[in-house]
Every structure is written in C-alpha cells, then in structure tokens.
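Enquirer: In the numbering used here, the protein residues as written are 7 to 388.
Heads up, the beta-carbon is just placed ideally off N, CA and C, and yes, glycines get one too.
Just so we're clear, the structure is a prediction, and the values are computed from it rather than from any experiment.
The structure follows.
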C-alpha cells in the first residue's frame, strides 16, 4: 500500500497505439478490481487516441517522447518519473521495454514483471545474439515472466534459460457477446457498390506494418483470380487498420490490378460489425504471440486462415476451425482460399467450430484472475 491506496502498477511499453498487445491491456485493466490495484501506462515514445479506450478509473498515461535510436535521456526521464510515482510493480512488455527494467534496480522494494506478447520484427525466431544476451543479463532481476502463448513460454524456458517456475503462460480472452455475428451489418457498413451479389468477402484486422504482412494476402488474391478469373465478380478484400504501410498496400493493390476489389477503411472502432461482414478471416503475419483478432474472428463465427507461426497453431486446427499456411507463401494461401470458396458449407462449419472453441477456452474474467494472482504473488514475496 502507498498512503492507504492500492498498490500501483507501472506498465512500460514502447508506444500505445492500435495493436493486439494494447487491446489486451485495455481489456485487462478495465476489468481489474479498482480496490486491488492502480495503473499507470508509461510510453517510451507516445500514445495515440487508442488510450482513450481505458474506462477504469484514474488510469494515467505518460509519454517520454523517446527519439529514434539510442537516446540516453529517456533513462533519466523514466527514472525521475518512477521515483515520483513509487510503483509497487513495474510491468514491462516486449523487447523494446525490457531494458527499462534496469532503471528500476535502485528503487527499493519494487517488483519486476516482464510480458512477452510476440517477438521483435528484427528477431522473428528469437535467435538474435545481442537480444538474447540482454535478456539473460536482466533475467536475475525479473521476478516473474508472463507469456501470452505456449510457444513464447517454451522459448523463454528453453531458448533463454529462464527457470520454468518463473514463467506463467496466460492467454488473452475475448468478449464473446460483443463479437456475436450480426448478419445485418453488411448493408450498413459497406462502401457503395462494393459488394456484388453472392460476394465472398475476405478480410484481416491489424496494424498495417511489416510483421503483419498484408502484402501476402493481396498477392494471394491476385493469384487466386489469375487461376479462376470468374471469381473476380465475387471476391472482395477488406484490410482494416492503419500504419506505416497504408500507402504501400494501396499502391500494391493498384500494381496487382485488384484495387477495385480492396477496401481499406483505416482504423475503426466498430470491429465487431466489420467482422460480421466477412466470410473468411485471414491472418498472414510473419510472427505472432496470441492473436486477439483471430480470437475475435472466431467469436464472430468466422473460419480462420493463419500462418503457421508463433501461437497461431494453438488457436487454429487445420480442417476443423480453419487452416494454417506457411509464412509469406501467397501461392499456398491462394490454394486454401480457393478450397474454402469452393465448399461454403464446410467453411461455415469451421466458423461454427471456431465459435465453440472460443466459448470453451477464452474469457477475460479468467485472464484477469490469472494476472491478479501473479501480482499478488510477487507482492507477497516482497
């Protein structure tokens, strides 16, 4: 306790903007019992309006405005802020924030938790020697690790050498009621004249960035139509999200001569309604932890095609609730999409199976209980 107040958790992230990790933080913190813990979000760079989604009381957001590259001043700014806030727990997430745990070492009594939500774009297989050395150097000072997938948990234990007892694996949840299918969503949300009769709508949701590899989806659609030109009258694609590759993806669609078939609505707050428009959800990422958008798509009753990477095989069982395809393989993705389009009844059954899978195994209440347990445990050990 601090002056009779609940313990303060300082969550340190590189930035706070639209993304799966940030969405998970919003859902968890909004569901935390306010009498148990308080929360601040410290962004090494900055936060955008995605942070407005916090509804929990008194969640404060701090931006340290770190400049690109190595900037020693950010350590000093973080130190001054932490000394003022006096958190009981410092919870860093992902590689970019991990080194900031070194700043907490002089703080008496602080407990350190680090979360792994997915590997860095420059270290997709977790083998980068420099990053591994940094993780091992900080390992003795981190009290608990949280991995969002079994894949990441196993990598921390076997690849980095962290003791198994110190690594907890906690899945994110999904709000099943929020993502119930809404069959009437199409006419309300589609652009004028975008969807033809008997349309097959393929889509993905996520930050338009290199690691999400939406390029592969566009290239797969071009290959699909090259082999089955008659599908051009029916197949349409939705890329929901914003990010550094927005203009590049739009230009790629033009280059591939499918720009009239692609809708890019940018960042949206009506994701459940947009998912209800789709027939097939596609996640072509180069790397993933546990994808919130895959869980949301399954909760919406959608079959999922995802790349065989990270935690995706923990969610998608080939032929049951969707299919797995190799990373960065447009031809393999095109083949699977052709198979699903040719057998709509089997595709719908996979969507229903995905919904059952999410109902049975993923809910935010359980996720919050597990995070509470970790926080309670590290404080009790203090």
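Within 10 angstroms of its Cβ, does residue 28 collect 16 or more other Cβ (buried), or is it exposed?
Expert: The residue in question, residue 28, is buried, as its Cβ has 16 or more Cβ neighbours within 10 Å.
Enquirer: In whole angstroms, what is the alpha-carbon distance linking residue 87 and residue 81?
Expert: Spanning the two alpha carbons is a distance of roughly 10 Å.
Enquirer: Within the stretch 95-154, note down every full alpha helix (DSSP H) run reaching 4 residues or more, in order along the chain.
Expert: The qualifying runs are 101-104 and 135-144.
Enquirer: Can we say the stretch 117-133 touches the stretch 23-40, given the rule of at least three CB pairs closer than 8 Å?
Expert: Counting Cβ pairs under 8 Å, three or more are found: they touch.
Enquirer: What do you reckon, are the CB atoms on residue 57 and residue 22 nearer than 7 Å?
Expert: In contact: residue 57 and residue 22 (Cβ atoms closer than 7 Å).
Enquirer: To which residues of the same chain is residue 359 closer than 8 Å at the C-beta, ignoring the five residues directly before and after it?
Expert: Result list for residue 359: 326 and 327, in chain order.
Enquirer: Within the same chain, show all residues whose beta-carbon is closer than 8 Å to that of residue 385, passing over the 5 residues directly before and after it, in chain order.
Expert: Only 13, 94, 95 and 117 meet the Cβ criterion.
Enquirer: So, using beta-carbon positions, are residue 158 and residue 247 closer together than 7 Å?
Expert: For residue 158 and residue 247, no; Cβs fall outside 7 Å.
Enquirer: Find the nearest neighbour of residue 160 within the set 143, 181 and 132, judged by alpha-carbon distance.
Expert: Selected option, being the one with the closest Cα: 132.
Enquirer: Within a Cβ cutoff of 6 Å, which residues of the same chain sit near residue 185, ignoring the five residues on either side of it in sequence?
Expert: Correct list, in chain order: 278, 302, 305 and 306.
Enquirer: Considering only the beta carbon of each residue, do residue 330 and residue 314 sit closer than 7 Å?
Expert: Cβ distance < 7 Å, so residue 330 and residue 314 count as in contact.
Enquirer: Quick check on DSSP: helix, strand or coil for residue 313?
Expert: Strand at residue 313.
Enquirer: Can you give the beta carbon distance from residue 336 to residue 229, rounded, assuming they're within the 8 Å contact cut?
Expert: That pair is a contact at about 6 Å.
Enquirer: In three-state DSSP terms, what is residue 43?
Expert: Here residue 43 sits in coil by DSSP.
Enquirer: By a C-beta neighbour count over all protein chains shown, 10 Å radius and 16 as the cutoff for buried, is residue 298 buried or exposed?
Expert: So residue 298 ends up on the buried side.
Enquirer: For a test of the three-state rule: what should DSSP assign to residue 234, helix, strand or coil?
Expert: Note: residue 234 maps to coil in three-state DSSP.
Enquirer: Taking the straight line between their C-alpha atoms, what separation do you get for residue 101 and residue 140?
Expert: Rounded to whole angstroms, residue 101 to residue 140 spans 9 Å at the Cα level.
Enquirer: For the candidate residues 245, 109, 243 and 65, whose alpha-carbon lies nearest to that of residue 31?
Expert: Ranking 245, 109, 243 and 65 by Cα distance to residue 31 puts 65 first.
Enquirer: Quick one: measure Cβ to Cβ for residue 120 and residue 148, integer angstroms, because I've assumed they're closer than 8 Å.
Expert: At roughly 5 Å, the Cβ-Cβ gap stays under 8 Å, so residue 120 and residue 148 are in contact.
Enquirer: Sorted by chain position, which residues of the same chain lie with C-beta nearer than 6 Å to residue 375's C-beta, five sequence neighbours on each side aside?
Expert: Same-chain partners within the cutoff: there are none.
Enquirer: If contact is defined by three or more beta carbon pairs under 8 Å, each pair taking one atom from either stretch, is the stretch 198-209 in contact with the stretch 270-285?
Expert: Enough Cβ pairs lie closer than 8 Å, so yes.
Enquirer: Just to confirm, does residue 215 get its C-beta within under 6 Å of one of the non-hydrogen atoms of the ligand NAP?
Expert: The model depicted lacks the ligand NAP and carries no ligand whatsoever.
Enquirer: Please classify residue 260 as buried or exposed, where buried requires at least 16 neighbouring CB atoms within 10 angstroms.
Expert: Residue 260 comes out exposed.
Enquirer: Could you give the distance in angstroms between the alpha-carbon of residue 357 and the alpha-carbon of residue 90?
Expert: Each residue's alpha carbon lies about 50 Å from the other.
Enquirer: Grab the span of the beta strand (DSSP E) containing residue 306 for me, first residue to last.
Expert: Segment: none, residue 306 is in no beta strand (DSSP E) and carries neither H nor E.
Enquirer: I believe residue 267 touches residue 244 by the beta-carbon criterion, under 8 Å. Please report the beta-carbon distance rounded to the nearest angstrom.
Expert: With a Cβ gap of about 10 Å, residue 267 and residue 244 do not count as contacting.
Enquirer: With H, G and I counted as helix, E and B as strand and the rest as coil, what does DSSP make of residue 59?
Expert: It is helical.
Enquirer: Might you give, ordered along the chain, the residues of its own chain that have their beta carbon closer than 7 Å to the beta carbon of residue 365, omitting 5 neighbours on each side?
Expert: Hits under 7 Å: 182.
Enquirer: Could you give the distance in angstroms between the alpha-carbon of residue 11 and the alpha-carbon of residue 71?
Expert: Their backbone Cα atoms lie some 29 Å apart in a straight line.
Enquirer: Can you give, in chain order, each stretch of the alpha helix (DSSP H) that sits fully within the stretch 330-363 and has at least 4 residues?
Expert: For the stretch 330-363, whole alpha helix (DSSP H) runs of length 4 or above, ordered along the chain, are 336-348.
Enquirer: Just tell me which of 42, 18, 36 and 16 has its CA closest to the CA of residue 379.
Expert: Measuring from the Cα of residue 379, the nearest candidate turns out to be 42.
Enquirer: So which of 76, 128 and 130 has the shortest CA-CA distance to residue 105?
Expert: Cα-wise, what sits closest to residue 105 is 76.
Enquirer: Pull the bridge partners of residue 272 from the DSSP assignment, please.
Expert: DSSP output for residue 272 lists 246 as bridge partner(s).
Enquirer: Let me make sure I understand the geometry here. Which of 233, 200, 220 and 234 has the alpha-carbon closest to that of residue 253?
Expert: For the residues 233, 200, 220 and 234, the minimum Cα distance to residue 253 belongs to 220.
Enquirer: Under the three-state reduction of DSSP, which class applies to residue 21: helix, strand or coil?
Expert: Residue 21 falls in the coil class under three-state DSSP.
Enquirer: How long is the line joining the alpha carbons of residue 7 and residue 44, rounded to whole angstroms?
Expert: Because residue 7 carries a pLDDT of 45, less than 50, the predicted location of this residue cannot be relied on, and no value is offered for it.
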